[in-house]
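J.:
Protein chains: 2
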Amino acid sequence: MDTRERLIESTRALLWEYGYVGTSPKAIQQRAGAGQGSMYHHFRGKPDLALAAITRSAEELRDRAEAEFAGPGAPVQRITAYLRREREALRGCPVGRLTQDRDVMADPTLRRPVEETFAWLRTRLAGVLAEARVDGELDTALDPAATATALVAVLQGGYVLARAAGDAEVYAQAVDGALGLLTGHVH
Amino acid sequence: MDTRERLIESTRALLWEYGYVGTSPKAIQQRAGAGQGSMYHHFRGKPDLALAAITRSAEELRDRAEAEFAGPGAPVQRITAYLRREREALRGCPVGRLTQDRDVMADPTLRRPVEETFAWLRTRLAGVLAEARVDGELDTALDPAATATALVAVLQGGYVLARAAGDAEVYAQAVDGALGLLTGHVH
DNA sequence: GTCTATAGGACGATAGAC
DNA sequence: GTCTATCGTCCTATAGAC
Numbered sequence: 039m040d041t042r043e044r045l046i047e048s049t050r051a052l053l054w055e056y057g058y059v060g061t062s063p064k065a066i067q068q069r070a071g072a073g074q075g076s077m078y079h080h081f082r083g084k085p086d087l088a089l090a091a092i093t094r095s096a097e098e099l100r101d102r103a104e105a106e107f108a109g110p111g112a113p114v115q116r117i118t119a120y121l122r123r124e125r126e127a128l129r130g131c132p133v134g135r136l137t138q139d140r141d142v143m144a145d146p147t148l149r150r151p152v153e154e155t156f157a158w159l160r161t162r163l164a165g166v167l168a169e170a171r172v173d174g175e176l177d178t179a180l181d182p183a184a185t186a187t188a189l190v191a192v193l194q195g196g197y198v199l200a201r202a203a204g205d206a207e208v209y210a211q212a213v214d215g216a217l218g219l220l221t222g223h224v225h
Numbered sequence: 039m040d041t042r043e044r045l046i047e048s049t050r051a052l053l054w055e056y057g058y059v060g061t062s063p064k065a066i067q068q069r070a071g072a073g074q075g076s077m078y079h080h081f082r083g084k085p086d087l088a089l090a091a092i093t094r095s096a097e098e099l100r101d102r103a104e105a106e107f108a109g110p111g112a113p114v115q116r117i118t119a120y121l122r123r124e125r126e127a128l129r130g131c132p133v134g135r136l137t138q139d140r141d142v143m144a145d146p147t148l149r150r151p152v153e154e155t156f157a158w159l160r161t162r163l164a165g166v167l168a169e170a171r172v173d174g175e176l177d178t179a180l181d182p183a184a185t186a187t188a189l190v191a192v193l194q195g196g197y198v199l200a201r202a203a204g205d206a207e208v209y210a211q212a213v214d215g216a217l218g219l220l221t222g223h224v225h
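For the record, the sequence lines run as chains U and V. Residues 39 to 225 (this note's numbering) are what the first sequence spells out, left to right. Residues 39 to 225 (this note's numbering) are what the second sequence spells out, left to right.
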């Protein structure tokens, strides 16, 4: 892994753990084993480096989700697989976390990947729910768009509650609760 | 409002908007219209002031929720009222937000109010759900604890998604989706 | 109680040598 | 490409006068 690459990966890790304000160029450099000059040679500054890191995290999230949404099995089964996928609950969502970062949300460039990721996720999941409905697998009373937003919210909120409790099991409980609610609408 | 009070309220507002790392004593003083000496006279430092602010925000959240959980109407109606209560979706949850703040979660003293608030909230909501079940209002297949965690997660995640989209309506959509799912289990 | 002065360090970035 | 030196600013806190 070359220096540029190490800088991006270090930034991703630090952004995930400390957020934008809590991540200093110095910390990035140390973690990457690179000097000041090295960092400023490859990137214009902290925002530029953050953009590379955020973009990559967003793509990763999207790719993983798509793999499950487009995977094998009936729609409801794919949704269940997506919801149940093992996640590092106590670390939270690397993209959702940025939502609480003022400097990220205030910068249109940094904000865009975050916005697009969740817009895509909600739409994509709504599509699979609509599929399930057409297949007669799901209650027609459910609105796919609202249901999709609620389910994605359960994951994002599950991270919050797990962190608050200091217990990853709380995340799993939120997912269980959501699946319990969904099950009543599955034929 | 005396100086001490203004300092706490200023800290609450700044903590909500900028988080712990993003909130400086200087900014607190300016917003409160107080000098350095004044702040350090009333509080030992930033963590001490933050504790006062966090504790108050936690109590406020709890009091508001309790007012709805203990309010008039059938259990499901009270839950609906709680979920549908108007909130400043784009500002997020003043307590849930702290969950993403490393310095807060790393300090047991600052962390406690956050932890307790959500532990109480989940338990209290589970109680109302159990009540609804006993009343024959709610499907016995639903686990009160898991359902409560999922519903609270929808709110917390709804904030995340609304902020990501830059649209408070997304929060409302998450709540709608959750209520849509819940409705299928109400007799 | 509140003020100003001051401290030591970190932040984010730039300059210029190699 | 990478290094060290340097910059101006902000951070959090303390000291001591009023």
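No residue lacks a Cβ here, since even glycine has one placed at the ideal position from N, Cα and C.
(1) DSSP has residue 176 of chain U in a bridge; who is on the other side?
(2) Does residue 168 of chain V come within less than 8 Å of chain U when only Cβ atoms are used?
(3) Looking only at its own chain, which residues have a Cβ that is under 6 Å from the Cβ of residue 190 of chain V, when we skip the five neighbours before and after it?
(4) In chain V, what lies closer than 9 Å to residue 144 of chain U by C-beta?
(5) In whole angstroms, what is the alpha-carbon distance linking residue 134 of chain V and residue 75 of chain V?
(6) Let me know if residue 172 of chain U comes out buried or exposed under the rule of 16 or more other beta-carbons within 10 Å of its beta-carbon.
(7) Would you give the residue range spanned by the alpha helix (DSSP H) that residue 187 of chain U belongs to?
(8) Note down, in chain order, every chain V residue with its Cβ under 8 Å from the Cβ of residue 55 of chain U.
(9) Does any CB atom of chain V fall closer than 8 Å to the CB of residue 112 of chain U?
(10) Could you check whether residue 49 of chain U and residue 41 of chain U sit closer than 8 Å to each other, using their CB atoms as the reference points?
(11) Could you tell me whether the Cβ of residue 201 of chain V comes closer than 8 Å to any Cβ of chain U?
(12) Can you have a look at residue 187 of chain U and say buried or exposed, based on whether 16 or more other CB atoms are within 10 angstroms of its CB?
(13) For residue 20 of chain U, does the count of other Cβ atoms within 10 angstroms reach 16, so buried, or fall short, so exposed?
(14) I think residue 136 of chain V touches residue 114 of chain V, with their Cβ atoms under 8 Å apart; what is that distance to the nearest whole Å?
(15) Identify each residue in the stretch 56-72 of chain U for which the Cβ-Cβ distance to at least one residue of chain V is less than 7 Å, and report them in chain order.
(16) Is the CB-CB distance between residue 213 of chain V and residue 196 of chain V below 8 Å?
(17) Leaving aside the five residues before and after residue 175 of chain U along the sequence, list all residues of the same chain whose C-beta is less than 7 Å from its C-beta, in chain order.
(18) Counting only the same chain and skipping the five closest in sequence on each side, list residues whose C-beta sits under 7 Å from that of residue 71 of chain V.
(19) In whole angstroms, give me the CA-to-CA distance for residue 216 of chain V and residue 166 of chain V.
(20) Determine the direct distance from the alpha carbon of residue 87 of chain V to that of residue 104 of chain U, and round the result to whole angstroms.
(21) Verify the CB distance criterion: does residue 153 of chain V have a CB-CB separation below 8 Å to chain U?
(22) Start and end of the alpha helix (DSSP H) containing residue 128 of chain U?
(23) Could you please give the first and the last residue of the uninterrupted alpha helix (DSSP H) stretch that includes residue 88 of chain U?
(24) Can you find the residues in the same chain that come closer than 7 Å, C-beta to C-beta, to residue 144 of chain V, ignoring five residues on each side of it along the sequence?
(25) Is any beta-carbon of chain V found at less than 8 Å from that of residue 173 of chain U?
(26) Can you give me, in chain order, the residues of the stretch 119-131 of chain U that have a beta carbon less than 9 Å from any beta carbon in chain V?
(27) Which of the three DSSP states is assigned to residue 62 of chain U in this structure?
(28) In angstroms with no decimal places, state the Cα-to-Cα distance between residue 121 of chain U and residue 77 of chain V.
(29) Residues of the stretch 80-94 of chain V in Cβ contact with chain U at a cutoff of 8 Å, in chain order, please.
(30) Kindly indicate which three-state DSSP category residue 77 of chain U falls into: helix, strand or coil?
(31) Is the CB of residue 211 of chain U under 8 Å away from at least one CB in chain V?
T.: Walking through what the data contain:
(1) Mapped onto the first sequence, residue 176 of chain U falls at position 138. DSSP lists U:224 as partners of residue 176 of chain U.
(2) Along the second sequence, read from residue 1 onward, the residue named residue 168 of chain V stands at position 130. Chain U contact via Cβ: absent.
(3) For the purposes of this step, residue 190 of chain V is taken as the residue at position 152 of the second sequence. Here the set comprises 159, 160.
(4) Stepping through the first sequence from its first residue, residue 144 of chain U is reached at position 106. Chain V residues near residue 144 of chain U: none, gap ~11 Å exceeds 9 Å.
(5) Working through the second sequence from its first residue, we reach residue 134 of chain V at position 96. Working through the second sequence from its first residue, we reach residue 75 of chain V at position 37. Just so you know, the alpha carbons of residue 134 of chain V and residue 75 of chain V end up roughly 31 Å apart.
(6) Here the question's residue 172 of chain U lines up with position 134 in the first sequence. Classification for residue 172 of chain U: exposed.
(7) In the first sequence, residue 187 of chain U corresponds to position 149, counting from 1. Counting along the chain, the alpha helix (DSSP H) containing residue 187 of chain U begins and ends at 182-203.
(8) Here residue 55 of chain U is taken as the residue at index 17 of the first sequence, counted from 1. The contacting residues are 140.
(9) Here residue 112 of chain U refers to the residue found at position 74 of the first sequence. Answer no: the Cβ-Cβ gap between residue 112 of chain U and chain V never drops below 8 Å.
(10) Within the first sequence, residue 41 of chain U is the residue found at index 3, counting from 1. Within the first sequence, residue 49 of chain U is the residue found at index 11, counting from 1. Their beta carbons are not under 8 Å apart, which means residue 41 of chain U does not touch residue 49 of chain U by this criterion.
(11) The residue you call residue 201 of chain V lines up with position 163 of the second sequence. Using a Cβ-Cβ cut-off of 8 Å, residue 201 of chain V counts as an interface residue toward chain U, since at least one Cβ of chain U sits closer than that to its own.
(12) On the first sequence, residue 187 of chain U is found 149 positions in, with the first residue counted as 1. Residue 187 of chain U is buried by the Cβ-count criterion.
(13) Nothing can be reported for residue 20 of chain U: it is not among the residues displayed for chain U, which extend from 39 to 225.
(14) For the purposes of this step, residue 136 of chain V is taken as residue 98 along the second sequence, with counting starting at 1. For the purposes of this step, residue 114 of chain V is taken as residue 76 along the second sequence, with counting starting at 1. Actually they are not in contact, since the Cβ atoms of residue 136 of chain V and residue 114 of chain V sit about 30 Å apart, beyond 8 Å.
(15) Near chain V, meaning a CB-to-CB distance below 7 Å, the residues of the stretch 56-72 of chain U are 56, 57, 59, 60.
(16) Here residue 213 of chain V is taken as the residue at index 175 of the second sequence, counted from 1. Here residue 196 of chain V is taken as the residue at index 158 of the second sequence, counted from 1. Yes, they are a contact pair.
(17) For the purposes of this step, residue 175 of chain U is identified with residue 137 of the first sequence, where counting begins at 1. Contacts found: 112, 113, 114, 224, 225.
(18) As a first step, residue 71 of chain V must be located in the second sequence, where it is residue number 33. So the list reads 44, once near-sequence residues are dropped.
(19) As a working note, residue 216 of chain V is residue 178 in the second sequence. As a working note, residue 166 of chain V is residue 128 in the second sequence. Near 16 Å, if we compare the C-alpha coordinates of residue 166 of chain V and residue 216 of chain V.
(20) Counting from one through the first sequence, the residue named residue 104 of chain U turns up at place 66. Counting from one through the second sequence, the residue named residue 87 of chain V turns up at place 49. Approximately 45 Å, taken between the alpha carbons.
(21) Position 115 of the second sequence, counting from 1, holds the residue named residue 153 of chain V. So yes, residue 153 of chain V belongs to the interface.
(22) Counted from its first residue, the first sequence places residue 128 of chain U at position 90. No alpha helix (DSSP H) contains residue 128 of chain U, which DSSP labels as neither H nor E.
(23) Translated into the one-based positions of the first sequence, residue 88 of chain U becomes position 50. In this chain, the alpha helix (DSSP H) harbouring residue 88 of chain U covers 84-107.
(24) For the purposes of this step, residue 144 of chain V is taken as the residue at position 106 of the second sequence. Closer than 7 Å at the Cβ level, and outside the excluded window around residue 144 of chain V, lies no residue.
(25) Translated into positions along the first sequence, residue 173 of chain U becomes position 135. With 8 Å as the cut-off, residue 173 of chain U does not count as an interface residue toward chain V.
(26) 130, 131
(27) Within the first sequence, the letter at position 24 stands for residue 62 of chain U. It is coil, neither helix nor strand.
(28) Position 83 of the first sequence, counted from the first residue, corresponds to residue 121 of chain U. Position 39 of the second sequence, counted from the first residue, corresponds to residue 77 of chain V. Those two C-alpha atoms are separated by around 47 Å.
(29) Residues are counted here when their Cβ sits less than 8 Å from a Cβ of chain U; for the stretch 80-94 of chain V the count is zero.
(30) Taking the first residue of the first sequence as position 1, residue 77 of chain U is located at position 39. DSSP, read as helix, strand or coil, puts residue 77 of chain U in helix.
(31) Counting from 1 along the first sequence, the entry for residue 211 of chain U is found at position 173. Cβ-Cβ to chain V under 8 Å: yes for residue 211 of chain U.
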